[in-house]
Structure formats: C-alpha cells, structure tokens
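Following the working numbering, the numbering of the sequence shown begins with 1 at its first residue and continues without gaps.
Built from N, CA and C at the ideal position, the CB exists for glycine as well.
These numbers come from a predicted model, not from an experiment.
Read the structure below first, then the notes.
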Amino acid sequence: MPVVLVDWSDVREKIRHLTLRASVSVQGRLVTLYERVFSFAEYNSPVSHNPFLRELASILPSDCCPLMMTDAGYRNPWFREVEKHGWSAARRCGF
Numbered sequence: 001m002p003v004v005l006v007d008w009s010d011v012r013e014k015i016r017h018l019t020l021r022a023s024v025s026v027q028g029r030l031v032t033l034y035e036r037v038f039s040f041a042e043y044n045s046p047v048s049h050n051p052f053l054r055e056l057a058s059i060l061p062s063d064c065c066p067l068m069m070t071d072a073g074y075r076n077p078w079f080r081e082v083e084k085h086g087w088s089a090a091r092r093c094g095f
C-alpha cells in the first residue's frame, strides 16, 4: 500500500492562493504525484478536496489503494471522500 502524503502550502501569501499537493517519499525525498492551486476561499473544504481526489484517482493505476496521510487539520468530509475511492486515510498528530 503506497503512502501518499497530502498537504496544503502557500503559493504566495499576499495573493491568497494555496497549493494542495499529493506526494510520495522516494529514498527520503518527496516526489509530487499531483498538485493543484486553489483560492484561499476554497481552502480545506469539499469544494477543493473532492475535485482534487477525483483528479488524483484519474492518474493513479485503477488497482492502486493508497494510504492518504494528512495533518490534523483535515476533517471528516475529507476522510469520507477518501473512502469513496476505496482508499485508506490517516491523520498525523503532533506531540
């Protein structure tokens, strides 16, 4: 089961756009699988998450069942949408 790391990052703070990125770790380095830019108004909501997951699913092999690893900011709608694709999800927790 491949582990796909998903996270938001600022494109440019003053412009108020963010990138939602899916990556895998290869020999200790992150390699981007897919990324998309969204406006701040779409940040961390189904408006951005659902199309992002659909588009990611379209580029992954049909038999791929990744574990989607996110930070603690993702909420239940994200996890329900991940499950609709037949994938697993986990949330990182900081200590």
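- Going by DSSP, Ala57 is part of the alpha helix (DSSP H) stretching over 46 to 59.
- Sorting Thr19, Glu55, Arg29 by C-alpha distance to the C-alpha of Ala41 places Thr19 at the top.
- For Arg80, the enclosing alpha helix (DSSP H) has its first and last residue at 76 to 84.
- For Leu30, the number of other beta carbons within 10 angstroms of its own is below 16, and it is reported as exposed.
- If you compare the alpha carbons of Lys14, Asp71, Pro51 with that of Tyr34, the shortest gap goes to Pro51.
- A direct Cα-Cα distance of roughly 7 Å separates His49 from Trp78.
- Residue pairing from DSSP leaves Arg92 without any beta-bridge partner.
- If you draw a straight line from the Cα of Val4 to the Cα of Ser62, it is about 15 Å long.
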